[in-house]
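**Student:** So the protein sequences, as listed, match chains A and B.
Counting in the working numbering, the first sequence runs from 41 upward without gaps.
Counting in the working numbering, the second sequence runs from 41 upward without gaps.
For each residue, glycine too, the CB sits at the ideal point set by N, CA and C.
Only a predicted model underlies this, so the values are computations on that prediction, with no experimental measurement involved.
Protein chains: 2
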Amino acid sequence: MSNDACHCVLLRKATRKVSSYYDEALAPLGVNIGQFSMLRNIRRTEPVSLTDLAHRLDLDRSTVGRNAKVLARMELVEIGHGEDQREAVLTIAPKGHEVLEKGAPLWDGVQDEIDARLGAGKARQLQELLAAL
Amino acid sequence: MSNDACHCVLLRKATRKVSSYYDEALAPLGVNIGQFSMLRNIRRTEPVSLTDLAHRLDLDRSTVGRNAKVLARMELVEIGHGEDQREAVLTIAPKGHEVLEKGAPLWDGVQDEIDARLGAGKARQLQELLAAL
DNA sequence: AAGACAAGCGGGCATATGCCCGCTTGTTCA
DNA sequence: TGAACAAGCGGGCATATGCCCGCTTGTCTT
Numbered sequence: 041m042s043n044d045a046c047h048c049v050l051l052r053k054a055t056r057k058v059s060s061y062y063d064e065a066l067a068p069l070g071v072n073i074g075q076f077s078m079l080r081n082i083r084r085t086e087p088v089s090l091t092d093l094a095h096r097l098d099l100d101r102s103t104v105g106r107n108a109k110v111l112a113r114m115e116l117v118e119i120g121h122g123e124d125q126r127e128a129v130l131t132i133a134p135k136g137h138e139v140l141e142k143g144a145p146l147w148d149g150v151q152d153e154i155d156a157r158l159g160a161g162k163a164r165q166l167q168e169l170l171a172a173l
Numbered sequence: 041m042s043n044d045a046c047h048c049v050l051l052r053k054a055t056r057k058v059s060s061y062y063d064e065a066l067a068p069l070g071v072n073i074g075q076f077s078m079l080r081n082i083r084r085t086e087p088v089s090l091t092d093l094a095h096r097l098d099l100d101r102s103t104v105g106r107n108a109k110v111l112a113r114m115e116l117v118e119i120g121h122g123e124d125q126r127e128a129v130l131t132i133a134p135k136g137h138e139v140l141e142k143g144a145p146l147w148d149g150v151q152d153e154i155d156a157r158l159g160a161g162k163a164r165q166l167q168e169l170l171a172a173l
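1. Counting only C-beta atoms, is Ser59/B closer than 8 Å to chain A at any point?
2. Could you tell me which chain B residues have their CB closer than 7 Å to the CB of His137/A, listed as they occur along the chain?
3. Would a check of beta-carbon distances place Asp92/B closer than 8 Å to chain A?
4. Thinking C-beta only, is Ala172/A closer than 8 Å to Leu158/B?
5. Rounded to whole angstroms, how far is the Cβ of Lys135/A from the Cβ of Leu116/A, which I believe are closer than 8 Å?
6. For the putative contact between Val37/B and Leu93/B, defined by C-beta atoms under 8 Å, what is the C-beta separation to the nearest angstrom?
7. Measure the alpha-carbon distance for Met114/B versus Lys57/B and round it to whole angstroms.
8. For chain B, is any of its Cβ atoms less than 8 Å away from the one on Lys162/A?
9. Would you mind telling me which residues of chain B sit closer than 7 Å to Val49/A, beta carbon to beta carbon, in chain order?
10. Any idea if Lys84/B is buried or exposed, counting beta-carbon neighbours within 10 angstroms, 16 or more meaning buried?
11. Could you name the residues of chain B that Gly169/A contacts, counting a contact when the two beta carbons are closer than 8 Å?
12. Tell me where the beta strand (DSSP E) around Gly120/A begins and ends.
13. Residues in the region 139 to 152 of chain B with C-beta within 7 Å of chain A's C-beta atoms, listed in sequence order?
14. Please state if the CB of Leu170/A and the CB of Gln167/B are separated by a distance shorter than 8 Å.
15. Starting from Ile73/B, find everything on chain A with Cβ-Cβ shorter than 7 Å and list it in chain order.
16. Assign Leu47/B to one of two classes, buried (16 or more other C-beta atoms within 10 Å of its C-beta) or exposed (fewer than that).
17. Could you name the residues of chain B that Leu69/A contacts, counting a contact when the two beta carbons are closer than 8 Å?
18. Which residues of chain B have a Cβ atom closer than 7 Å to the Cβ of Arg101/A, listed in chain order?
19. From the DSSP secondary-structure annotation, give me the bridge partner or partners of Val129/A.
20. What residue does the alpha helix (DSSP H) around Met99/A start on, and which one ends it?
21. Is DSSP giving Gly149/A helix, strand or coil here?
22. If we define contact as Cβ-Cβ less than 8 Å, is Leu130/B a contact residue for chain A?
23. Hey, Thr131/A and Glu86/A are a contact pair by Cβ (cut 8 Å); roughly how many whole angstroms apart?
24. Counting only C-beta atoms, is Ile154/B closer than 8 Å to chain A at any point?
25. Keeping to the same chain, check which residues put their C-beta closer than 7 Å to that of Leu69/A; ignore five residues upstream and five downstream.
Printed below as a string of structure tokens:
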């Protein structure tokens, strides 16, 4: 009872579930929602350092670094050096752009499905509530 | 922009954030919100099999098994055998009950904080929206 | 009763996440 | 200029999660 009302547990459950929707849709491209989202974020301000990206994604820097390494291995991003020799900067590789293009409609599809299931108004509410947390 | 409107990414972000609230509050007890939640769930129907618990938690069975092992190592739960020799059944150990008792008020505190920040009505809305996903 | 089929697990493989420690590179101040 | 101090990372440690394969134990059908 009290458990079912736990914001955290419900959030975790919902996140796993919703993530799997996106993951399924993106599966043909070989990337999951986390990777796809990261690609999008990199594209927005490439070249971008791990630290900056981590700030924007609200993730630990080390997490971003490791995830970036996975994307690099898949040849979706390139990890280079900035002027500052300490900085590792990320840029989208050709294959990465391909994934971004092919993934956009798939991603939109899931998004639309969820909006439809929830109703546009409710979807907006959800966004606001999540942002307020 | 489109990224900020992504249900999934927002959910993931919110989950990480909210989880950390609970984790901080429970830190003195040495357990995180996932473990605490699992303890509560076990207590509700102990003894319970890994498979049953996995269904209830909406988690993969293997995940539950591994998490249970961690709890067992911490001496918070006991892993035994059911009549069916295949089944591994979980029960709360004495230390587990202790954690459950001491954790309840801490958990309530976070819950209340969130309710307060969101407003009771909004909190309820959030619950409903999450359930609808 | 024997063989087919199903249930319940453990462990391997891969990713995701956070925290902390230590190394390298930059910057700043005396 | 040389010595603190700060920034940016990588890698180690631990947990979390899902999927798949293979082993053991039960059940069911012929």
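**Tutor:** Quick answer:
1. For the purposes of this step, residue 59/B is taken as the residue at position 19 of the second sequence. Yes - at least one Cβ of chain A is within 8 Å of the one on Ser59/B.
2. Taking the first sequence and counting its residues from 1, the one referred to as residue 137/A is at position 97. Result: empty, since nearest Cβ-Cβ is about 16 Å, beyond 7 Å.
3. As a first step, residue 92/B is located in the second sequence; it is residue number 52 there, counting from the start. Cβ-Cβ to chain A under 8 Å: no for Asp92/B.
4. As a first step, residue 158/B must be located in the second sequence, where it is residue number 118. As a first step, residue 172/A must be located in the first sequence, where it is residue number 132. With contacts defined as CB atoms closer than 8 Å, Leu158/B and Ala172/A qualify as a contacting pair.
5. The count along the first sequence starts at 1 and reaches residue 135/A at position 95. The count along the first sequence starts at 1 and reaches residue 116/A at position 76. Contact between Lys135/A and Leu116/A holds: CB atoms are separated by about 5 Å, below the 8 Å threshold.
6. The first residue shown for chain B is 41 and the last is 173, placing residue 37/B beyond what the model contains.
7. For the purposes of this step, residue 114/B is taken as the residue at position 74 of the second sequence. For the purposes of this step, residue 57/B is taken as the residue at position 17 of the second sequence. Their backbone Cα atoms lie some 25 Å apart in a straight line.
8. For the purposes of this step, residue 162/A is taken as residue 122 along the first sequence, with counting starting at 1. Taking Cβ atoms only, chain B reaches closer than 8 Å to Lys162/A, which makes this a yes.
9. Here residue 49/A is taken as the residue at index 9 of the first sequence, counted from 1. Correct list: Ser77.
10. Reading the second sequence from its first residue, position 44 is the one you call residue 84/B. Per the sequence shown, residue 84/B should be read as Arg rather than Lys. It counts as exposed.
11. What you label residue 169/A is simply residue 129 of the first sequence in a count that begins at 1. Residue identity differs from the one stated: residue 169/A is Leu in this sequence, not Gly. By Cβ distance, chain B contributes Leu158, Lys162, Gln165, Leu166 and Leu169.
12. Position 80 of the first sequence holds residue 120/A. Per DSSP, Gly120/A belongs to the beta strand (DSSP E) from Val117 to His121.
13. Gln151
14. Here residue 167/B refers to the residue found at position 127 of the second sequence. Here residue 170/A refers to the residue found at position 130 of the first sequence. No, the Cβ-Cβ distance between Gln167/B and Leu170/A is not below 8 Å.
15. One-based indexing of the second sequence puts residue 73/B at position 33. Within chain A, the residues near Ile73/B are Cys48.
16. What you label residue 47/B is simply residue 7 of the second sequence in a count that begins at 1. The displayed chain sequence assigns His, not Leu, to residue 47/B. Per the 10 Å Cβ criterion, buried.
17. Residue 69/A sits at position 29 when you count from the first residue of the first sequence. By Cβ distance, chain B contributes nothing, its closest Cβ being about 15 Å from Leu69/A, past 8 Å.
18. Residue numbering aside, residue 101/A sits at position 61 when the first sequence is read from its first letter. The CB of Arg101/A never comes closer than 7 Å to any CB in chain B; the least such distance is about 14 Å.
19. Your numbering for residue 129/A matches position 89 in the first sequence. Note: Val129/A sits in a beta bridge opposite Ser89/A and Gly120/A.
20. Stepping through the first sequence from its first residue, residue 99/A is reached at position 59. Reading off the sequence, residue 99/A comes out as Leu, not Met. No alpha helix (DSSP H) holds Leu99/A; DSSP gives it neither H nor E.
21. If you number the first sequence from 1, residue 149/A lands on position 109. Here Gly149/A sits in helix by DSSP.
22. Translated into the one-based positions of the second sequence, residue 130/B becomes position 90. No, Leu130/B does not count as interfacial toward chain A.
23. Taking the first sequence and counting its residues from 1, one reaches residue 131/A at position 91. Taking the first sequence and counting its residues from 1, one reaches residue 86/A at position 46. With 8 Å as the limit, Thr131/A and Glu86/A qualify as a contact, their Cβ atoms being about 5 Å apart.
24. As a working note, residue 154/B is residue 114 in the second sequence. Cβ-Cβ to chain A under 8 Å: yes for Ile154/B.
25. Reading the first sequence from its first residue, position 29 is the one you call residue 69/A. So the list reads Val139, Lys142 and Gly143, once near-sequence residues are dropped.
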